[in-house]
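Numbered according to this note's numbering, the sequence shown spans residues 2 to 885.
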Amino acid sequence: MSKVPAKTEAQALCIIRDMTTSQAMAPKATILVPASTTATEMMERVGRHFGYTTDSFELLLQRITDGDTVAVHVCEDQTLEEMRFYVDGVSRNMLVIYDRNREPPKRLMANGPPSAGNSASETAYWVRNSRGAAGESKYYPPDTREATGYVGLVNQAMTCYLNSLLQTLYMTPEFRNALYRWEFDGTEQDAAKSIPFQLQKLFLLLQTSSRPAIGTTDLTTSFGWDSSEAWQQHDVQELCRVMFDALEHKFKHTDQAKLICQLYEGKLKDYVKCLECGSESAREDTFLDVPLVVRPFGSTRSYGSVEEALRAFVTPETLDGSNQYHCERCGRKCDAHKGLKFVRFPYLLTLQLKRFDFDPATMHRIKLNDKQPEVNGPCGNDAASDDEGIDVGGGTDASSVNTRNLRRSGETGPYLYELFSIMVHSGSANGGHYYAYVKSFTEGQWYCFNDAQVSRVNYDEIRKTYGGGPSRAGYYVSAYSSSTNAYMLMYRQVDKEQNAEPMTPEQFPAHLRELLESMREAEERERLQKEIDRSMCKVKLFCLHPLKHTMQEMRLKVHKDATVDEATQTAHQIMGLEGVVPVECCRLVLYDDMNESLECSLEDVSHQSIGQILGGVKPTYNCDLLLEVRRPHERFRPYKPGGTTVKVHVVNVDMNEIGRAVVVRGLKTQSVAEFKAQVAEQLMLPSSNMRMVLENYHNNLELLTVPERSLKAEGFGKSNSVYIEFLHEEDASLPFRESRFFEILDRHVNTIVLHVGLPPEHEVLLERQSMAASSSEGGDQQRYGNAEEDGGTGGGPRLLAQQTQTSNPALSDGYDSDHCDSSSSGCQGTGGDQSEDSSLTDSERTLVGDDISPRNNSPDLTADDDGAGPRPRPVLYPRTLSLD
C-alpha cells in the first residue's frame, strides 16, 4: 500500500531590507519561511542573518495592497499567517529593519568561536579584543572589516564587472602606491571629472572607511556615465583597457606618466619567417593583456591548462599551398611561418581567457565552461598540476608570507610570476555576474570580493574557478559544465627588488593626509545628517492656496518629537503663506491625496507629537497632511474618522456659471436635510429652496430629493462632488432632466479642459520675419495674415478669456489679494509649484470647470499686462467630440 505524502506547509516569501546601514543600497535578503513561524522565531532568524540581536531592531511588514504596516517585533507568538503575511510562496512580503529606540542595532555576541569543521566562507570570524579582558572574543559577520580587514563595493545596478576590477587594482600594491603619490591640483569642479582623483578617493575609503561597503557613483560619474549606463553590463577586460587609457591621459606631464607602461605593458613581435631562406619580416606591438583561446575553433577538446593555451598562442601558423608567403629575398612564393613572439613581459601580466565563442550550428554566441587550471607564469618548465599557482596559506606576517617568493627566486628563468587575482564570470553568454578572488600580498590570504561582501576563501572554492563539470561527448560539453569559472587572471612578477608592500596610513604623503582628513570631515557631516534624518518625519503636505486656488504639494520634514503646533508653523512657512494667511487661521489635518479626502482633524491628539500621530519615522506613510486654511471670521470644524469629503459648487443658472469648489466635510450618517443645512451655514446661503445634485461615477447626475435619506444611502463615498442652486424657482419647477440646471451640469461634466502652451508673441514675430525673408515675396504674408489679427494666439482661446466676472458672494475668498502679489514669493512655497491661474476669472472657471484642475503645473503662457510673463489659457473640447 503506497504511503500518502504529507501536505506541504504553506510558505511565505520574504524580502528583507536593512535600513539601518549607511550603504547607498540597503542590504537585502530573500528567505522562504513556513507560515507557522512565529514573530519571535522570525526575529531570531532575521537577527542571525544580519548579525543583530533580536531586541535591538524593529522589523516592519509593509503590505503593498492595502498600505498597512505590521510591527513584527511586537507580535511575539503570532504566526506569519496570523500577521497577514502572504503565504502562497509566490507573493512577496516586503519587510524592513529599523533602529529601535533611536539606537542602531547591536551586533551579535557569542560564547565561543565557531567549530573548526566549518569552512571559512560559511562562518563568521572571531577576533580577540586586545583591549578587553583576557580571553574575551567578539563575533563579527564574515563580510565586515573587523573580520577580514577589507570592505566591499556597492553594486550600483550592473557594475559587478567594475567592482571586481577595482578590487584587483586596489590589492595591487604598486598601482595603489603610485596612485597615492599622484597629487590632484585642479578645482573642485574639475575633481568631479577627474578619474584618477576619484579613484584615489575610492582607494582611500577602501583602506580607511568604517562603512560596510563603499559606493562607486562618484567614480562612474567621472567616467562620463549617466545613471542609465550603470545598468549596462560591460566586459571587464574592455573596461580595463578604457580605464588605463584614461589614466594615461590624465597622468601626462606628471611623475606617473609612464605608470601603466611600466606596470602592465609588454611587447610582442608579429613576424613572418621564410622557411627556405630564413629571412624574417616583423614588427613590434605593445599589449596590456594576452587573450588566450580556451578551445581551438572546430575542436572538441579544450586546452588542458593556461600554460598549454600560452604555448598555442605563440605556436606559428604555416603558410603553404595557396596561402604561401611571397619572400622578397627569394623573389617567389615560399612556405613560411607566421606567428607571435613575446619580446618583453610586463611586471603585471594580465591573461584573458576567451570563454565566449560563436556556435555556427545554432548561430548563437555561447560560453565555454571547459576546465582550464591556472598556473604560476607563462614559461613553466613542466606541465602544471591543478594545484599549481594557488597559494591559500594563512600566514599572518610579511616575513612568513614572502617565503614562497624567496623559494622561487632560486628557480631558473627571467620571468617568474605569482597569480594574485582571479576575476570570475558566473552565467552564460547572454549575461551573468562578475566577482573576484584576490590574494593579499601582505598576509598571503585569498579573499572573495563579491560586490559588498568580502570573505576569506579556501582552496576548494578557488578550484571551482577552473571550470569544467560532468564530462559529456560532443561539441556541447560546455552546456553541461559549471557556468562559474575564471575569465581574467592577473600575475605579479616575483622580484625582490620590485615587489612592494602597500602604503599604510602612517606612510601617506602630506596631500593624501589632507585629503583623508577632509573626507573624514565630510563623512562625519554626512553621518550627523543621517542621524538627524532618522529622527525626521518626511510626509507629503498639501494646501489649497487661498490666492492661487490651486493645490500646492510640498514635502514636510519635521522632527518626530515636534508638536502639532510646531509642525503647523513649519508647514505654514514652506507653503509660503506668511503675509497671506496668519498661522492662527491654519491647521493640519490627515488627508488622503489619492481620494482627495479629509480623513480626520487632530484636536483629539494635539497633545501627542507628530511622530506619534504618524506612527513613527517611516519611509512611507499611509496618509498625507493637508494644511487647511479658514477665513478670519470662521471656526474650524472637527473632522471625525470615517466622514465624507464633499466639494460643493454653487451654480448660477441665470449666468450659466459654476463656482469654484468649496470643501465641506460631513458624516455619512447625516441626512440630506442635515447636510444641506450644514452647507448653507458654511457657505452663508439660504437652505429653504436649495437644490442639490450629486455627481456619481461615470458623470451620472442625481438630484437629491429625499431629505430624510442618509448620505451613505445616497451613494456618498470618501470624496464626492455636489452642485447646489437656490435662486431660480421657475427652473426648479421643471423636471430635473429638462431644467437649465441639468443642462449646465451636463455640459460641465462632459467638458475636457486642455491647457495649450503658446510661445511669447515676440518669438513668434521673429520666427515669421525669418521665414518671410527666406520665402518668396508675399507668400508667407498671406499664410499668416489671419493669425496676426488675433495677436498670433488664435481666436478661440482668446474668446474664452473675455467673460465677465461673477458677483456671486459665495465665491468670494475672504482675503484681500493686496497682501500678496501674484508674482511675489510670498504666494509660493520654497521649491514647490510655481504656476498660477490668476489670468482666469471666476466666470472663465465656469466654462472650464472644477478649479481648472487643482494639480495644474503647466507654464503660464498668456501675456499679462504687467509683463510678468506668459500665462496658461484653457481650450475646451466637448467630451463627446473627443470620443468620436
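Glycine is no exception: its CB is placed at the ideal position from the N, C-alpha and C atoms.
Nearest to residue i (by Cα), restricted to the options the options
| i | options | result |
| --- | --- | --- |
| A158 | A27, N700, I575 | A27 |
| A362 | L206, Q574, F298 | F298 |
| T571 | M537, E604, D593 | M537 |
| L354 | N324, L311, R741 | L311 |
| A193 | T443, T221, L166 | T221 |
| C586 | Q494, K619, R632 | R632 |
| Y87 | V75, L60, I16, Q609 | I16 |
| T316 | V757, H634, Y272, R284 | Y272 |
| T169 | C449, A337, C544 | C449 |
| Y416 | M84, H254, Q499, D78 | Q499 |
| K558 | N701, Q613, V618 | V618 |
| H50 | K270, E59, E567, I32 | I32 |
| Y492 | A313, L350, K561 | L350 |
| L684 | K713, H650, F717 | H650 |
| T70 | M95, L207, E318 | M95 |
| F224 | F204, E696, R212, F198 | F198 |
| M656 | Q613, A733, R741, T160 | R741 |
| Y460 | T443, V439, N451, K719 | V439 |
| F252 | I196, Q238, K334 | I196 |
| H338 | G150, S282, H546, L759 | S282 |
| L603 | E696, P642, L578, P620 | P642 |
| R284 | Y181, G644, D747, K342 | K342 |
| L728 | V707, E696, E658, Y265 | E658 |
8 Å Cβ cutoff met for residue i and residue j
| i | j | result |
| --- | --- | --- |
| R108 | Y53 | yes |
| L668 | C624 | no |
| H512 | E184 | yes |
| W447 | V455 | no |
| M1 | I575 | Nothing can be reported for residue 1, as the shown portion of the chain is limited to 2 through 885. |
| L704 | V694 | yes |
| L626 | L542 | yes |
| T21 | D89 | no |
| F288 | G267 | yes |
| L240 | I261 | no |
| V295 | F314 | no |
| E726 | R692 | yes |
| V34 | M43 | yes |
| K677 | G612 | no |
| Q79 | T39 | yes |
| Y467 | H426 | no |
| P174 | E502 | yes |
Beta-ladder partner(s) of residue i, from DSSP
| i | result |
| --- | --- |
| V71 | L62 |
| P292 | Q353 |
| Y939 | The first residue shown for the chain is 2 and the last is 885, placing residue 939 beyond what the model contains. |
| H426 | Y435, N486 |
| L154 | I215 |
| Y416 | In the DSSP output, where bridge partners are listed per residue, Y416 has none listed. |
| S456 | C449 |
| D593 | S598 |
| A30 | I17 |
| G340 | Y272 |
Segment limits, alpha helix (DSSP H) that includes residue i
| i | result |
| --- | --- |
| T218 | 218-223 |
| R49 | 40-51 |
| H749 | 741-750 |
| R464 | 460-464 |
| H573 | 565-575 |
| Q613 | 611-615 |
| F298 | Element bounds for F298: n/a, residue is neither H nor E. |
| D321 | From DSSP, D321 is part of no alpha helix (DSSP H); its letter is neither H nor E. |
| L81 | Unbroken run through L81: none, as it is neither H nor E. |
Span of the beta strand (DSSP E) around residue i
| i | result |
| --- | --- |
| K274 | 267-275 |
| V723 | 720-726 |
| L627 | 625-630 |
| L702 | 702-704 |
| D100 | 89-100 |
| L695 | 692-696 |
Ordered list of beta strand (DSSP E) runs contained in the segment 532-559, each at least 3 residues | 537-545
Run through the segment 163-209 for me and flag every whole alpha helix (DSSP H) of 4 or more residues, listed as ranges in chain order.
-> 174-182, 189-192, 196-209
Note down, one range per segment and in chain order, each alpha helix (DSSP H) of at least 4 residues found wholly within the segment 648-681.
-> none
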